[in-house]
Structures are given as C-alpha cells and as structure tokens.
Amino acid sequence: MTIYEPGSTLKMPHRRWRWISLLLLLALFQAAGVLRMLTLPPDLGEVVSLSPVLEIVTGSLWTLAFAYLARQFWRNSATVQAAVVLLTLFAVYHIGRIALFARADYDRQRLLLLVGLLIPVVTASLIYQRLKK
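According to this note's numbering, the stretch in the sequence shown is residues 332 to 464, in order.
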C-alpha cells in the first residue's frame with residue numbers, strides 16, 4: 332500500500348474523485364435546468380426574466396463544460412487550476428445574470444451578499460493562479 336507524503340509526485344486519488352463528483356453534479360443540475368426550460372409552457376416563457384432560448388443555450392454550454400472537465404479528471408489529464416477557473420467563471424456568470432435580469436425584490440436584496448461572497452472567491456482564484464505560475 333502506498334502512503335501519500337507531501338512533496339511526493341503521487342496524486343491523492345480522493346481529491347480527484349471529489350472534483351469528478353462536484354463537476355458531474357453541476358453538469359446534472361445544469362442539464363435539469365435545460366430540461367425545465369424545454370418543458371416550460373409558452374405562456375410562462377413570457378414571464379421569466381431571461382429568455383428561455385438563452386437559458387437553454389447557456390445551460391447546455393455549462394453542462395458540456397462541466398461534463399468535459401469531469402471527463403478530463405477521469406482520464407487524469409485535467410488540473411485543479413482548470414477546475415478553479417471554470418468554477419470562478421460560473422460564479423461570475425451567475426452573479427452577472429442576477430445583476431442584469433433580477434426583477435424580484437428578494438433577488439435584488441441578495442445581490443449585495445452574492446457580490447460580497449464573489450469578491451473573495453475571485454481573489455482566491457487569482458491568488459491561486461499566481462502561485463501556480
């Protein structure tokens with residue numbers, strides 16, 4: 332049995348499975364969102380703030396991106412750096428979407444909290460990128 336020692340070239344397999352699980356769950360949630368938009372009644376399509384077509388396209392792209400990166404982790408060819416970049420872009424996209432298309436008061440009230448949470452995430456991502464170079 333091989334024991335992981337910090338500084339060695341061995342990879343910790345449990346981290347890889349955590350990344351695969353997280354990415355597949357995100358892909359599944361995005362696919363469910365696309366399916367929900369595809370089955371949306373036409374009269375409700377006029378009420379939602381974001382165009383259903385745009386929601387389907389962006390949801391499909393995020394689904395493919397998460398599934399592709401999970402596949403790359405499965406094949407041991409993905410890096411944590413790529414996952415951090417993808418998750419940061421996903422967070423920025425969702426905050427931007429809420430900022431641009433939020434109509435309800437509760438969405439606007441939680442926007443400040445979400446932006447406050449996003450700033451440390453983006454900062455940590457940038458610091459991580461700098462340290463890896």
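Heads up, the beta-carbon is just placed ideally off N, CA and C, and yes, glycines get one too.
Between V415 and S456, the C-beta gap is smaller than 7 angstroms, which places the two residues in contact. In the structure shown, P372 falls within a coil segment according to DSSP collapsed to helix, strand and coil.
Apart from sequence neighbours up to five positions away, the residues of its chain that approach F397 with a beta-carbon distance below 6 angstroms are L354, L357 and A358, ordered along the chain. Q361 counts as buried, since at least 16 other C-beta atoms from the protein chains shown sit within 10 angstroms of its C-beta. The region 388-406 makes contact with the region 364-372; the number of CB pairs closer than 8 angstroms reaches 3 or more. Secondary structure of V411 (DSSP, three-state): helix. By the Cβ-count criterion, L462 is exposed, with fewer than 16 other Cβ atoms from all chains shown falling within 10 Å of its own Cβ. Cβ neighbours of L442 within its own chain (closer than 7 angstroms, five residues either side excluded): I429, A430 and A433. Here the alpha carbons of T419 and L445 stand approximately 13 angstroms from one another.
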